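K.L.:
For reference, the structure I am asking about is given below.
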Ligand code: 4AD
Ligand code: MG
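Residue numbers (this note's numbering): 503 to 930.
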């Protein structure tokens, strides 16, 4: 079967496309059918005098999103969207669609979100989802090539990784389970077994915040490596982000064009990324008028201000221990800060990666679990990893939706996942 994406290989031939009517325009004895098949959009031109009786009228009766099979001669045409068009010869109507709720006019976001199952068919969503898939492909490819082994981690877990306030709880036979916030703790076990690993899957947080960067279900790719320190992590994350952006630039130009994303902003994503300490970040924020106390975590606003100061992603490292998770390795030179770093995307986008070096000392780990008030019994296996061949190790998580939002210069993460889950949205 021929796809629109590869229609250029069939110029001068008769081809058949199976798809849907995206839009139509008539002008006298001509009808321009914009047909989409999921891989692209192509124009099929119906000329009354060239067609068997009935076909031209059938084309005229088509409604938006009717499923159709069209066939005809493929030719190059620089004026046509995509550069090729089809001289319509045959038309088969598979289903004549009911009046379609999403018309080319403007719709409100809530209306579109209620019709997300249909909204996905629009050109804009098509471009976003194709870039999302490309980002996922590029991430896995980069790590696979470096010898990282993909190790899937559980979704149903007995304990928290990123704090107990955002846990989703679910009954689990006689007890309860939580949906994974991160695969990290399990990655640490598989990293000791396989050296370098990554997991990639959905993660869940009962985020009560209604912001443009929070979903309750998001996808995260998390590499973890034995014998990797904080600097090693930043180097790995930098290489990964550069490779992902480059692959999108190479393979998704058309999509960037549809979304009117200026490639120049992405072309600037070159190594080395600046690395600043939390202390320096606080100074920069204060210089911009923020009243932030040392020890406070950055919120979205602070990240926005910081990330506007750089033309490429920036690492902020050595955060105060009290604003980071229990497993973060304290800096031996300054135990009040940890060997963790976030990567903030430029243009005001803020954090897309969080990670760092993990505590590998058993006593310290057990103390941190206790101080944090976590149920020690559920973390026994995790603390155990520090008894059998403990080594310094590091890892991080990159959020897919935030990364795609930044790469495409979008306003909100909600459009970067097929069916977004937000505090006030579970449908469709
Ligand atoms: O900084 P976070 O919470 O780090 C972790 O979960 C670590 N355990 C990862 C690791 O070291 N293996 O989350 C990592 C990234 C964030 O930088 C962000 O991109 C994304 O996950 N993220 C979210 N994306 C959308 N909605 C949310 N509610 C998100 N929370 C985190
Ligand atoms: Mg974080």
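Every residue gets a Cβ at the ideal spot worked out from N, C-alpha and C, and that includes glycine. As the structure is a computational prediction, the values presented were derived from the model and not from experiment.
Nearest by alpha-carbon distance to residue 852: which of 838, 907 and 588 is it?
P.N.:
The shortest C-alpha separation from residue 852 is found at 907.
K.L.:
Identify, in the order they occur along the chain, each residue of the same chain with its Cβ nearer than 7 Å to the Cβ of residue 794, setting aside the five sequence neighbours on each side.
P.N.:
Correct list, in chain order: 784, 787, 788 and 804.
K.L.:
Here's the rule I'm using: 16 or more other beta-carbon atoms within 10 Å means buried, otherwise exposed. How should residue 729 be labelled?
P.N.:
It counts as exposed.
K.L.:
Determine the extent of the beta strand (DSSP E) in which residue 544 is found, giving its start and end residues.
P.N.:
Element bounds for residue 544: 543-549.
K.L.:
Would you mind sorting residue 766 into buried or exposed? The rule is 16 or more other CB atoms within 10 Å of its CB.
P.N.:
With fewer than 16 other Cβ atoms within 10 Å, it is exposed.
K.L.:
Give me the Cα-Cα distance between residue 884 and residue 846, rounded to the nearest whole angstrom.
P.N.:
Each residue's alpha carbon lies about 29 Å from the other.
K.L.:
Look at the alpha carbon of residue 664 and the alpha carbon of residue 747, and state the distance between them as a whole number of angstroms.
P.N.:
Looking at the two C-alpha atoms, the distance is approximately 28 Å.
K.L.:
When you compare each of 581, 593, 869 and 532 to residue 831 by their alpha carbons, which one comes out closest?
P.N.:
Measuring from the Cα of residue 831, the nearest candidate turns out to be 869.
K.L.:
Which residue or residues does DSSP assign as beta-bridge partners of residue 800?
P.N.:
According to DSSP, residue 800 bridges with nothing at all.
K.L.:
Which residues have their C-beta within less than 6 Å of a heavy atom of ligand 2, listed in chain order?
P.N.:
That query returns the following residues: 844, 853 and 856.
K.L.:
Let me check you understand the geometry: is the CB of residue 716 closer than 6 Å to at least one non-hydrogen atom of ligand 1?
P.N.:
Yes, since a heavy atom of ligand 1 falls inside the 6 Å radius drawn around the Cβ of residue 716.
K.L.:
Is it buried or exposed, residue 655, if we count other Cβ atoms within 10 angstroms and call 16 or more buried?
P.N.:
Answer is buried; the Cβ neighbour count reaches 16.
K.L.:
Could you please give the first and the last residue of the uninterrupted beta strand (DSSP E) stretch that includes residue 791?
P.N.:
Careful: residue 791 lies outside any beta strand (DSSP E) and carries neither H nor E.
K.L.:
Which two residues bound the contiguous alpha helix (DSSP H) that contains residue 627?
P.N.:
Where residue 627 is concerned, the enclosing alpha helix (DSSP H) stretches over 625-647.
K.L.:
Comparing alpha-carbon positions, which option in 526, 901 and 862 lies nearest residue 890?
P.N.:
Minimum Cα distance to residue 890 is reached at 862.
K.L.:
For the structure I just gave you, are there three or more beta carbon pairs, one from the stretch 732-748 and one from the stretch 913-928, closer than 8 Å?
P.N.:
No, because fewer than three Cβ pairs between the stretch 732-748 and the stretch 913-928 fall closer than 8 Å, the two stretches do not touch.
K.L.:
Pick from 857, 827 and 820: whose alpha carbon is nearest that of residue 839?
P.N.:
For residue 839, the nearest C-alpha among the options comes from 820.
K.L.:
Roughly how many angstroms lie between the CA atoms of residue 835 and residue 866, to the nearest whole one?
P.N.:
Roughly 16 Å between the two C-alpha positions.
K.L.:
Residue 668 to residue 876, Cα distance in whole Å?
P.N.:
Taking the straight line from one Cα to the other gives about 14 Å.
K.L.:
Do residue 551 and ligand 1 come close, with the Cβ less than 6 Å from some heavy atom?
P.N.:
Incorrect: residue 551 has no Cβ contact closer than 6 Å to ligand 1.
K.L.:
Evaluate residue 796 with the Cβ neighbour count: other Cβ atoms within 10 Å of its Cβ, from every protein chain shown; 16 or more gives buried, anything less gives exposed.
P.N.:
By the 10 Å Cβ count, residue 796 comes out exposed.
K.L.:
From residue 754 to residue 633, what distance separates their C-alpha atoms?
P.N.:
Cα-Cα distance, rounded: 7 Å.
K.L.:
From residue 743 to residue 898, what does the alpha carbon distance come to, in whole angstroms?
P.N.:
Distance between the alpha carbons of residue 743 and residue 898: 12 Å.
K.L.:
Over the uninterrupted alpha helix (DSSP H) stretch that includes residue 846, give me the two end residues.
P.N.:
It is not in any alpha helix (DSSP H) - residue 846 instead sits in the beta strand (DSSP E) that spans 842-847.
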